[in-house]
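In this note's numbering, the protein residues as written are 219 to 511.
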């Protein structure tokens, strides 16, 4: 008579289908193609592409910016050169417009799968949860960076055709050579992208918590707006330094005669810290979530 130990099956690695590799499931290129074909991606790309033309028409109709009251701002130098026009487009859009595509690409990515009831089938493929989130995170970062780069590139091309290629005229006086101006614009775009990471991480975390894409996107945009409002409350004093919104225009230090890294480094450190915490919460929470959608 066989004993219980003899009848028990040996403990060993679980059997998987031949050729299955967890690291090869849901490749980034496949997810990228899926997201590029979505209507919201095309619409956001079209809006960002069209904005420089809208501003160009506005300046043509209005006869160019006018500072008034002897107060000179970056907006007043928009028609000085293509570089100035690109900088003005970033200034006009960094506060809110660029927040929308970032929140959309991150907030819609997981929640949309849940709303379509396809998330559980992806996980049953089987795609490991961490792998699924990682693929979607990389694609969302790629699309967000592309959106933020697209605007100044189109603006630079449009501005150069309309106003010519020349140095970056500074509102405080003086100018930057074309080579230096190009370097400063690269720094500016990089900082704008980093400053949006908090909104991105917040939208991504909310996307793992809800089955409603608009809830994740709207929640991230709403909290970003609240942060901007709180930053205007001077009574908060030094507490405003803990708000990402307080540093969103630190890139203006890159369009000064002497580049000052102080505020850029402070803003980058704060944004990256908040983003890493929120991304970690998203991965941790999703790993334990009971997915039924």
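All C-beta atoms, glycine included, are put in the ideal place defined by N, C-alpha and C.
- request: Could you tell me whether the region 352 to 370 touches the region 291 to 302, where touching means 3 or more Cβ pairs closer than 8 Å?
  value: no
Pick from 466, 424, 395 that is closest to residue 483, judged by C-alpha positions: 466
message: Spatial neighbours of residue 499 within its chain, please: C-beta separation below 6 Å, excluding the five flanking residues on both sides.
response: Around residue 499: 423.
Nearest to residue 411 (by Cα), restricted to the options 260, 360, 396: 360
- request: Give me the Cα-Cα distance between residue 485 and residue 356, rounded to the nearest whole angstrom.
  value: 23 Å
query: Just checking my contact of residue 434 with residue 428 at CB under 8 Å: how many whole Å lie between their CB atoms?
result: Indeed they touch by this definition, with Cβ atoms about 6 Å apart.
- prompt: What is the C-beta distance between residue 297 and residue 277, in whole angstroms, given that I count them as a contact (C-beta under 8 Å)?
  reply: The beta-carbon separation of residue 297 and residue 277, rounded to 6 Å, stays under the 8 Å limit for a contact.
field: Beta carbon of residue 348 nearer than 9 Å to that of residue 505
entry: In this structure, residue 348 sits near residue 505, with a CB-CB distance shorter than 9 Å.
task: Spatial neighbours of residue 431 within its chain, please: CB distance less than 7 Å, with the 5 preceding and 5 following residues excluded, ordered by chain position.
output: Same-chain partners within the cutoff: 325, 326, 329, 330, 333.
field: Euclidean distance between Cα positions of residue 507 and residue 464
entry: 34 Å
- request: Starting from the Cα of residue 436, find the closest Cα among 421, 309, 450 and give me that residue.
  value: 421
field: Supposed close pair residue 308, residue 406 - CB separation, criterion 8 Å
entry: 6 Å
Through-space distance from residue 273 to residue 279, alpha-carbon basis: For residue 279 and residue 273, the distance between alpha carbons rounds to 10 Å.
message: Please give me, in chain order, every unbroken run of the beta strand (DSSP E) with length at least 3 that falls completely inside the region 328 to 376.
response: none
message: My assumption, with CB atoms under 8 Å, is that residue 415 sits in contact with residue 304. Please give the rounded CB distance.
response: Incorrect: roughly 22 Å between the Cβ atoms, too far for contact.
- prompt: Which first and last residues belong to the alpha helix (DSSP H) in which residue 319 is found?
  reply: 317 to 325
message: Checking the sheet assignment: what are the DSSP bridge partners for residue 393?
response: 387
query: Are the beta-carbon atoms belonging to residue 386 and residue 446 less than 9 Å from one another?
result: no
- request: Return the residue from the list 395, 497, 310, 384 that minimises the CA-CA distance to residue 266.
  value: Proximity to residue 266 across 395, 497, 310, 384 peaks at 310, based on C-alpha coordinates.
- request: In angstroms with no decimal places, state the Cα-to-Cα distance between residue 478 and residue 322.
  value: The alpha-carbon atoms of residue 478 and residue 322 are separated by roughly 32 Å.
field: Separation of residue 480 from residue 471, as counted between CA atoms
entry: 9 Å
- prompt: Going by the CB atoms, is the gap between residue 299 and residue 382 shorter than 9 Å?
  reply: With respect to the 9 Å criterion, residue 382 and residue 299 are classified as neighbours on the basis of their beta carbons.
message: Less than 9 Å between the beta carbons of residue 370 and residue 341, yes or no?
response: no
task: Please report how far the alpha carbon of residue 413 lies from the alpha carbon of residue 247, in whole angstroms.
output: 26 Å
Candidates 458, 378, 503, of which the one nearest residue 400 by Cα: 378
message: On the criterion of 16 or more Cβ atoms from any shown chain inside 10 Å, does residue 457 qualify as buried, or is it exposed?
response: The residue in question, residue 457, is exposed, as its Cβ has fewer than 16 Cβ neighbours within 10 Å.
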